[in-house]
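Report on the structure given below.
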Amino acid sequence: MAVIPVSRKPLTFAERTYIPQILGGLRITFARMIKPAETMEYPEQRPEIPKNYRGVPTLVKDPNGREKCVSCQLCEFVCPPKAIRITPGEIAPDSPTAHVEKAPQAFDIDMLRCIYCGLCQEVCPEEAIFLQNQYSMTGLTRAEMVNHKDRLYELGGTLPDQHHKWDKKKAAEEHGSAAH
Amino acid sequence: MDFFFQLPLWIQGAVKGLAVIAVLFPLAAACSMAERKISAWIQGRPGPNRTVVPWLAGIPIIIPFLQRLGVFQLAADGGKFVFKEDVVPGHVNKLYFIAAPILAMIPALSTITIVPFGAYFDSAGQLVPLVLANVDIGLLAVLAISSLGVYSVILAGWASNSKYPFLGSIRASAQLISYELSMTLSVLPVFLWVNAPGGQGTLSLFAVVQAQSGTGFFNGLWLGIWMPVSAFIFLVALFAETNRQPFDMAESEADLVGGFHTEYGAFKWSLFFVAEYAHMIVGSGVFTLLFLGGWNPLPWIPLTRVVHGLSHWISFAGHPLFMGVLGVLIFLGKVGFFIFFFMWIRWTLPRFRYDQIMKLGWQKLLPLAIGNLVFYALLIALIQK
Ligand code: SF4
Ligand code: SF4
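As you go down the protein sequences, you meet chains R and G in turn. Quick note: the first sequence, position 55, residue 55 per the numbering used here, numbers continuous. To convert, take the position in the second sequence, counting from 1, and add 1000; that gives the numbering used here.
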């Protein structure tokens, strides 16, 4: 490695008195002082959340209003801190989406345990769980910090769906051209 | 006024004492708020701006404005200090531990009585200073009493019986003693100049202001312009004496936790705090009187001239009250600027290292102060001979 000698200039008299530097510093701080504040006044002003932000995990519905989760429990299984607890349930046979067969009866995410790792979103085969832009979770009790199923759907809302895989599957079955 | 002077002496004294407390405590509190706001603005934050008294919150414009300025935060903090549990740690020397903050208040509150803050013409047409105790030893008393403040620092550090307060108090006392020397030497030229040979000698601060409130070239000149080096040394020493950044060795929270008041909390801690701000206020006041013409608005334009000129236009301007109030306002304005300057410096400069402080004090400022004294002694001898 090449050694580059850096010559240090001796300080001038003015520099050794510190005064020009102090005056320069005072000028900078004064200029800063009369500018408006950089910070945001949080509860009233909220930062703009970028797309792809990984906030609180939520459950979503497809554009037809069907809950997408089929309670396969993969997310429960993968969740590193075991924040998710799912009770699988069946879809009533007279429901229009009866062919999906299963949906969660209960779906709880304990936000005191969740570490926002996003693995649940990664693992979900149904694209049913998403970490969205909700970033502030507060509560006064432990129970308040557990998001139940209805709350999860409320936070998640509806996301566009490119596949509609269950509809396609049903249509294929009905037209007798099921590939499997 | 006359009614007041007919009261027995001890009542007068008590009233004056209460006045000092009633003025200085809120002023110190306001300074602490100003400090927080200024630090916030310099760092690009809004600073404390939430607290509000609930039953005032409905009043428009004025209350939100005060709220944004953090005025109610100040009251809340003050109240908090009074009602907080006041812990006395088990390992301290109780008597001295409790005595230290009280001792800190004594010099802080007594020096302010000697500082004149305005002047008016009495009925006999004589210029009278507005001051609680117009003593002839003036500045000497200020320097002597304010340097007693070091005892409270030493006592606090020693009584706390733990190492960081102890180190902090040792540093602070060494620093106070070193800079006192330069400070005293830097004001000597001022008094050489004020006390013309043959006249009666005085150390009164009022006399210094009088020497700056003429209209001629020399006696209208503010001493800060006439003796810039003195003013500079005095200012630097003042920073050191009041333990302000960049000389706050007594606290230096980065290496000493909180310095000499590490073990203190609640009301006792707030007394140290008030004492620090009181020292700052008095120090700024003394600097203004010595080098910035006291209550005179501009160099060569003394207050008496202004009042005289105004009395042609406005009828009540000739009244002594008008002159008194105007003088006090001008004086307070200058003091306010200096308090701002203290804070401005604090949030600009990093803290000196301890050895740098000692070096600066003994190897730079002291020789400079002595040289300055000799130079002005010769110069004044030439001018006034
Ligand atoms: S984000 Fe991670 S921790 Fe949170 S629920 Fe999903 S898998 Fe569990
Ligand atoms: S959210 Fe996805 S991974 Fe979790 S149970 Fe429902 S379908 Fe399975």
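Ideal placement from N, C-alpha and C gives every residue a C-beta, glycine not left out. On a predicted model such as this, the values are computed, not experimentally measured, just so you know.
Judged by their CB atoms, G:Val1257 and G:Tyr1164 are nearer to each other than the 8 Å cut-off. For R:Thr138, not one C-beta of chain G is nearer than 8 Å to its own C-beta. Following the DSSP letters along the chain, one finds G:Thr1304 inside the alpha helix (DSSP H) bounded by residues Leu1303 to Trp1313. At least one heavy atom of ligand 1 lies less than 7 Å from the C-beta of R:Ala83. At least 8 Å separates the beta-carbon of R:Asn147 from that of R:Asp94.
Under a 10 Å Cβ-count criterion, G:Thr1215 is classified as exposed, with fewer than 16 other Cβ atoms of the shown protein chains found around its own Cβ. Its chain contains Pro1189, Leu1192 and Trp1193 as the residues whose beta carbon lies nearer than 8 Å to that of G:Ile1380, once the 5 sequence neighbours on both sides are disregarded; these appear in chain order.
Assignment of R:Glu127 by DSSP, reduced to helix, strand and coil, places it in the coil class. Under the DSSP definition of a beta bridge, R:Gly89 partners with R:Ala103.
For the pair G:Ile1063 and G:Val1071, the Cα-to-Cα distance works out to about 9 Å.
When beta bridges are read from the DSSP output, R:Ile109 appears opposite R:Ile84 and R:Asn147. Short of 7 Å from the beta carbon of R:Pro63, and not among the five residues preceding or following it, lie these beta carbons of its own chain, in chain order: Thr158, Pro160 and Asp161. Under a criterion of Cβ atoms nearer than 8 Å, the residues of chain G adjacent to R:Leu26 are, in order, Trp1344, Ile1345 and Thr1348. R:Tyr135 sits in coil when the DSSP states are folded into three classes, being neither helix nor strand. For G:Val1052, the CB contacts under 7 Å within the same chain, skipping 5 residues up- and downstream, are Ile1063, Gln1067 and Phe1072 in chain order. Any Cβ of chain R closer than 8 Å to the Cβ of G:Trp1041 would place that residue at the interface, and such an atom is present. Here R:Lys61 is bridged, per DSSP, to R:Glu67 and R:Thr158.
By the neighbour-count criterion, in which 16 or more other beta carbons inside 10 Å mark a residue as buried, G:Phe1065 falls on the exposed side. The beta carbon of G:Leu1103 is closer than 7 Å to those of Tyr1151, Ser1152 and Leu1155 in its chain, skipping five residues each way along the sequence. Listed in chain order, the non-local C-beta contacts of G:Pro1048 below 8 Å within the same chain comprise Met1033, Arg1036, Lys1037, Ala1040, Gly1070 and Gln1073, local neighbours out to five positions each way being set aside.
Only residues of its own chain outside the window of five on either side were considered, and among them Arg113 and Ile115 have a CB closer than 6 Å to the CB of R:Pro81, listed in chain order.
Relative to the Cα of R:Arg66, the nearest Cα in the group R:Met40, R:Ala103 and R:Val3 belongs to R:Ala103.
The alpha-carbon of G:Leu1140 is positioned some 10 Å away from that of G:Leu1205.
Taking 8 Å as the CB threshold, R:Glu44 stays off the interface with chain G. A direct Cα-to-Cα measurement between G:Lys1084 and G:Phe1273 gives close to 16 Å.
Taking the Cβ of R:Leu152 as the reference point, every heavy atom of ligand 1 lies at 7 Å or farther away. The closest CA to that of G:Leu1365, considering only G:Leu1127, G:Ala1019 and G:Ala1231, is found on G:Ala1231. Distance from the C-beta of R:Ala37 to the nearest heavy atom of ligand 2 is not below 7 Å. Judged by their CB atoms, G:Phe1234 and G:Val1187 are nearer to each other than the 8 Å cut-off. Two segments are said to touch when three or more pairs of C-beta atoms, one from each, lie closer than 8 Å; by this definition the segment 1287–1305 of chain G does not touch the segment 1339–1350 of chain G. Among the residues of the segment 71–91 of chain R, none has a Cβ less than 9 Å away from any Cβ of chain G.
Taking 3 residues as the minimum length, the beta strand (DSSP E) runs contained wholly in the segment 1073–1121 of chain G are 1119–1121, in order along the chain. Between the segment 1322–1335 of chain G and the segment 1293–1310 of chain G, the count of C-beta pairs closer than 8 Å reaches three or more; the two stretches touch. For R:His99, the CB contacts under 6 Å within the same chain, skipping 5 residues up- and downstream, are Lys170 in chain order. Shown here for G:Leu1167: same chain residues with a beta carbon closer than 7 Å to its own, the five before and five after excluded, namely Leu1256 in chain order. Checking the 7 Å criterion, the Cβ of R:Val70 is within range of a heavy atom belonging to ligand 2.
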